[in-house]
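For reference, the structure discussed in these notes is given below.
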Amino acid sequence: MKLSDRISCKKSLAILGLYAIVLAGAGYLVGDSLYPIRDLTFSTAVDRNKQELRENPGNSEAHARLGWIYYQIALEEKNPVFSRKAEKEYRKALELAPGNTGFRYSYGLILEEMGQTKLAQEQYEKIIQIEPNHELANYNLAILFSKAGKYEQAIRHYKKVLELEPTAGNVYYELGRIYEDIQDLKNAIDMYRQAIKFTPDNWDAKQRLQVLAGNGK
């Protein structure tokens, strides 16, 4: 999936390859195995991964899978108890595999969901130390810096995302909003035009461009 597609989705469902549990039409994907819906509930998935951990407590992937399952339960049931369980499992996974950027990105998402944005930022920054071209870590940092009013840092990370994914229309739009906020209207107009070029249905970008340029073209 391209970043330009990912960033238009809810962040909590945007990633995680082998370590995610997602509803996928025909069933649930846990690890690299797809199970029919009738054969797998959250409870069953939790039990399977706990059994793996009883057999091999040092299995970092089982800790990560269990953490992601807990996270999905937390989102579905809006229950912070499961968010804390998810956070605990990812901490264990990262103790066992500190260089795993997939685990660390998931951990960052969970921390954000728990409102611990400073700790989430630290995770994304650690990811970039290991993997400077990690698109989503750069993107999430840009969002966090933008929300904090740290526009210089936000612009830097958004530009890095565009180096990696030049057709990410939403990123051009977000940059346009920052440039508009800091009264750099020339760059704001340029960014809105790029946003419309790559995402023609971005009505917000069209509206902002019309306000700034007068004709929306």
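Residue 172 in UniProt numbering sits at position 172 of the sequence shown; the count goes up by one each step and never skips. Note that beta-carbon positions come from the ideal geometry of N, C-alpha and C, so glycine has one too. Computed from a predicted structure; not experimentally measured.
Start-to-end residues for the alpha helix (DSSP H) that takes in residue i
| i | result |
| --- | --- |
| G176 | 169-181 |
| E163 | 151-164 |
| N140 | 135-147 |
| D184 | Neither: D184 is in no alpha helix (DSSP H) and is coded neither H nor E. |
| residue 223 | Outside the modelled stretch of the chain, which goes from 1 to 217, sits residue 223, for which no answer is possible. |
Buried/exposed call for residue i, threshold 16 Cβ in 10 Å
| i | result |
| --- | --- |
| L109 | buried |
| T101 | buried |
| A93 | buried |
| W203 | exposed |
6 Å Cβ shell around residue i - same chain, five flanking residues per side excluded
| i | result |
| --- | --- |
| Q194 | Y172 |
| T199 | G169 |
| Y153 | In the sequence as presented, Tyr is not what sits at residue 153; that position holds Gln. So the list reads F145, once near-sequence residues are dropped. |
| E131 | T101 |
| N140 | Y124 |
Own chain partners of residue i with C-beta closer than 8 Å, once the 5 adjacent residues on each side are dropped
| i | result |
| --- | --- |
| L185 | Y179, L212 |
| N56 | A62 |
Neighbourhood of residue i by C-beta, 7 Å cutoff - its chain only, sequence neighbours within 5 removed
| i | result |
| --- | --- |
| Y70 | F82, K85, A86, E89 |
| residue 224 | Not covered by the structure: residue 224. The range shown for the chain is 1 to 217. |
| I182 | Y151 |
| Y105 | I15, I127, L136, A137 |
| I155 | L175, I178 |
Scan the region 37-116 and note each continuous alpha helix (DSSP H) run of 4 residues or more that stays entirely inside, going in chain order. 42-55, 60-77, 80-96, 101-113
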